[in-house]
Amino acid sequence: MTRQSGTIFQPGGVSIALHTCTQKDQSPCSYMGNEGKAPKKKLINSVDSCVDEAVCGLVRASGGLSLLQGHRVVLRSDLVNLTGKVALLSGGGSGHEPAHGGFLGAGMLSAAVAGGVFASPPPASILAAILCLHHAGASGVLLIVKNYTGDRLNFGLAAEQARNHGVAVDMVIVAEDCAFDQPSKAGRRGLCGTIFIHKLAGALAEEGCRLDQIVSKVTDILKGIGTLGVSLSPCSVPGCLPSFDLPPGDMELGLGIHGEPGIKRLKVASADELVKTMIDHMTNPDSQSHLPLKSGDSVVVCVNNLGALSCLEMAVVTGATITCLENRGVVVARVMSGSFMTSLEMAGVSLTLMRADQETLRLFDAKTSAPAWPNLSSVCVSGRSYVTDPRAVSPRPQADTHSEGPLSAVMRKALEMVCSTLLEKQEELNSLDRAAGDGDCGNTHAQAAKAIREWLQDHVVPGCPGQLLSVLAGLVQEKMGGSSGALYSLFLTAAAAHLTENNAAAWASAMHAGTQAIRRYGGADPGDRTMLDALCPAVDELMKLTAAPPGGQMAVLQAAVQKASSGAESTRDLTAMAGRASYIAAERVTLPDPGAVAVAAILRAVLESLGGQK
Numbered sequence: 232m233t234r235q236s237g238t239i240f241q242p243g244g245v246s247i248a249l250h251t252c253t254q255k256d257q258s259p260c261s262y263m264g265n266e267g268k269a270p271k272k273k274l275i276n277s278v279d280s281c282v283d284e285a286v287c288g289l290v291r292a293s294g295g296l297s298l299l300q301g302h303r304v305v306l307r308s309d310l311v312n313l314t315g316k317v318a319l320l321s322g323g324g325s326g327h328e329p330a331h332g333g334f335l336g337a338g339m340l341s342a343a344v345a346g347g348v349f350a351s352p353p354p355a356s357i358l359a360a361i362l363c364l365h366h367a368g369a370s371g372v373l374l375i376v377k378n379y380t381g382d383r384l385n386f387g388l389a390a391e392q393a394r395n396h397g398v399a400v401d402m403v404i405v406a407e408d409c410a411f412d413q414p415s416k417a418g419r420r421g422l423c424g425t426i427f428i429h430k431l432a433g434a435l436a437e438e439g440c441r442l443d444q445i446v447s448k449v450t451d452i453l454k455g456i457g458t459l460g461v462s463l464s465p466c467s468v469p470g471c472l473p474s475f476d477l478p479p480g481d482m483e484l485g486l487g488i489h490g491e492p493g494i495k496r497l498k499v500a501s502a503d504e505l506v507k508t509m510i511d512h513m514t515n516p517d518s519q520s521h522l523p524l525k526s527g528d529s530v531v532v533c534v535n536n537l538g539a540l541s542c543l544e545m546a547v548v549t550g551a552t553i554t555c556l557e558n559r560g561v562v563v564a565r566v567m568s569g570s571f572m573t574s575l576e577m578a579g580v581s582l583t584l585m586r587a588d589q590e591t592l593r594l595f596d597a598k599t600s601a602p603a604w605p606n607l608s609s610v611c612v613s614g615r616s617y618v619t620d621p622r623a624v625s626p627r628p629q630a631d632t633h634s635e636g637p638l639s640a641v642m643r644k645a646l647e648m649v650c651s652t653l654l655e656k657q658e659e660l661n662s663l664d665r666a667a668g669d670g671d672c673g674n675t676h677a678q679a680a681k682a683i684r685e686w687l688q689d690h691v692v693p694g695c696p697g698q699l700l701s702v703l704a705g706l707v708q709e710k711m712g713g714s715s716g717a718l719y720s721l722f723l724t725a726a727a728a729h730l731t732e733n734n735a736a737a738w739a740s741a742m743h744a745g746t747q748a749i750r751r752y753g754g755a756d757p758g759d760r761t762m763l764d765a766l767c768p769a770v771d772e773l774m775k776l777t778a779a780p781p782g783g784q785m786a787v788l789q790a791a792v793q794k795a796s797s798g799a800e801s802t803r804d805l806t807a808m809a810g811r812a813s814y815i816a817a818e819r820v821t822l823p824d825p826g827a828v829a830v831a832a833i834l835r836a837v838l839e840s841l842g843g844q845k
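Dropping the structure here:
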């Protein structure tokens with residue numbers, strides 16, 4: 232590939248040049264149990280160039296970052312600000328983005344070295360980064376390294392070489408994995424807790440602390456950090472098959488971040504159950520890798536998306552984690568939730584807990600310009616009132632009492648007939664909706680019908696039609712849901728304002744106002760294959776009520792119902808221009824619009840309740 236970047240620093244000083252990404256990644260495929268299957272699709276240009284292109288993309292998108300010429304090394308673009316301070320260098324294999332390049336900035340890392348996908352970076356690049364930071368004026372360089380053999384070897388070799396160049400270098404190994412009850416000689420793995428060390432060490436360095444002071448402080452803090460991961464799916468290195476096989480309904484507990492399987496396979500459970508299982512495992516005193524945690528302890532929590540969980544799932548898991556810890560008497564001081572150290576497209580999550588005193592929280596809350604660090608609040612999560620009572624904001628008690636009137640019985644009968652009709656037509660409307668939507672039109676109308684029925688059991692029907700329509704508007708808005716609930720509530724709300732008088736002309740005006748509100752806010756018109764194709768012709772006919780003699784009003788209503796039925800049937804031949812059906816090919820939509828059919832059915836039910844013909 233030939234992709235240029237902006238500002239580039241050379242190892243020997245702070246000179247500017249252009250960089251061309253040419254290095255190639257030759258990451259091996261680690262799992263050979265899926266013979267005959269094709270590698271998963273990736274949105275990349277090529278397997279060989281994807282790491283270089285990703286590094287270039289990160290740097291090009293951030294004015295605070297630059298590339299080191301000839302290496303996969305990302306640097307802060309303001310290295311001059313490191314003069315007299317300790318510089319922080321981290322890194323590892325690619326595929327864990329935004330780690331580590333996203334955590335560069337004032338108050339965090341000074342540089343990050345990227346290897347191939349899940350492959351440790353070469354010592355030459357690590358040394359080049361160290362020397363660059365040294366020549367920029369750093370008083371020393373701290374290497375923050377995850378506990379993997381390749382990373383320890385390569386960063387360790389570069390550190391020894393840098394010392395031979397007269398550079399003050401030290402290394403902190405992050406090994407906070409809580410998965411194994413009895414870790415092997417290799418020790419515990421370094422996982423997302425590494426990000427906490429980036430932040431705390433970065434804050435100390437920004438304050439001007441010496442290298443040995445920073446090492447001593449973060450080494451002590453590391454004793455109070457633990458991480459455990461779980462996954463619903465494996466990941467796959469670009470060009471390779473998935474790293475392990477996970478049957479449907481299973482999840483992997485205690486896995487690392489390089490696609491390796493976990494320590495235990497469990498059946499998929501609810502978020503609450505899973506979080507409890509994870510925290511139980513992390514804090515089990517029988518395990519040599521456990522995190523000591525007792526009631527009264529204060530913790531910082533990181534809920535880390537391993538790559539492919541939705542934001543909705545992440546929010547559910549985050550809430551479950553806070554609740555689980557608080558139920559144990561643990562004070563949740565801070566929470567960060569999102570993607571911080573991923574494993575490509577793995578659908579999983581890791582939980583990192585860090586015991587935190589006030590000094591640790593002060594360092595954690597310190598400002599940083601790192602682009603991937605979240606904008607967190609410094610307010611303690613536990614103990615905070617997080618629910619607002621609307622009555623406290625706007626205490627306006629509303630009377631829920633209405634008096635009956637001459638039309639109350641008539642309107643009650645009409646409502647009961649409408650409810651029965653919608654419940655009878657539930658499956659018919661669902662069937663029509665399945666052809667062009669999500670198949671729930673009948674269900675949403677049935678929800679409205681049930682809500683109205685329940686209300687009728689406990690309330691009198693107000694004698695003022697406008698009051699009744701306002702009540703109905705609130706019911707459908709709350710109970711019906713979706714766009715249908717909004718449309719009907721719009722119609723009823725707008726119509727209610729025009730029913731200050733009880734006569735046929737007022738009803739006609741109200742129906743017209745409701746229809747216009749749907750058109751104005753919904754954006755649809757007659758002919759767009761929506762409920763308006765039944766409603767608009769019926770309302771046009773009802774406008775004749777303004778001039779009809781008392782004996783002719785029923786004939787107008789009958790004609791309006793017929794117009795609604797004809798309008799609904801005509802939607803068979805219309806091309807949808809609004810709603811979900813507008814996204815479906817016209818030749819696949821051959822049945823009447825369910826919304827229009829529902830409107831026609833409602834109007835016919837009203838007619839029948841008034842004694843009109845079917």
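Take 232 as the starting number for the sequence shown in the numbering used here and just add one per residue. Each residue gets a CB set at the ideal place from its N, CA and C atoms; glycine is no exception.
| query | result |
| --- | --- |
| Under the three-state DSSP convention, the category CYS533 falls into | strand |
| Rounded C-alpha distance that separates THR583 from ASN312 | 31 Å |
| Exposure of ARG835, with buried meaning 16 or more beta-carbon neighbours within 10 Å | buried |
| CB-CB length for ALA748 against PHE722, believed under 8 Å | 6 Å |
| Residues near SER801 by beta carbon distance below 7 Å, same chain, minus five either side | ASP764 |
| Residue burial classification, LEU661 (beta-carbon count within 10 angstroms, cutoff 16) | Looking at the sequence itself, residue 661 is Asn, so the reference to Leu does not match. Classification of ASN661: buried, given that the 10 Å Cβ count is 16 or more. |
| Integer Cβ distance of LEU730 from PRO696, believed to fall under 8 Å | 4 Å |
| Proximity below 7 Å, CB of VAL612 to CB of VAL566 | yes |
| Residue range of the unbroken alpha helix (DSSP H) whose run includes ILE445 | 442-453 |
| Range of the contiguous beta strand (DSSP E) that encloses ASP481 | 481-484 |
| Residues near GLN254 by beta carbon distance below 7 Å, same chain, minus five either side | Interpretation of GLN254 is limited by its pLDDT of 34, a score under 50 that renders its predicted location unreliable; no figure is taken from the coordinates. |
| Helix, strand or coil at GLY713 according to DSSP, with G and I counted as helix | helix |
| Beta-carbon proximity of MET545 to ASN558, cut-off 7 Å | no |
| Local conformation of THR583 per DSSP, three classes | strand |
| Buried versus exposed, by CB contacts within 10 Å (16 or more), VAL691 | exposed |
| Which of helix, strand or coil DSSP assigns to SER840 | helix |
| Proximity to CYS555 [Cα-Cα], best of GLY338, PRO781, VAL610, THR508 | THR508 |
| Beta strand (DSSP E) runs contained entirely in the stretch 511-571, provided each spans 3 or more residues | 529-536, 562-569 |
| For LEU358, the three-state DSSP class (helix, strand or coil) | helix |
| Which of helix, strand or coil DSSP assigns to MET402 | strand |
| Candidates ASN378, LEU459, LEU298, ALA432, of which the one nearest LYS416 by Cα | ASN378 |
| According to DSSP, residues forming a beta bridge with VAL317 | GLY371 |
| Beta-carbon gap between LEU364 and ALA350 smaller than 7 Å | no |
| Integer-rounded CB distance, given that ASP596 should sit under 8 Å from SER609 | 5 Å |
| Residue span of the beta strand (DSSP E) that contains LEU638, given as start and end | That residue, LEU638, is in no beta strand (DSSP E); it is neither H nor E in DSSP. |
| Cut-off 8 Å between Cβ atoms - residues of its own chain near ARG819, not counting five sequence neighbours on either side | Note that ARG819 scores 48 on pLDDT, short of 50, meaning its location in the model is unreliable and no value can be drawn from it. |
| Unbroken stretches of the beta strand (DSSP E), 3 residues or longer, contained in the stretch 741-790 | none |
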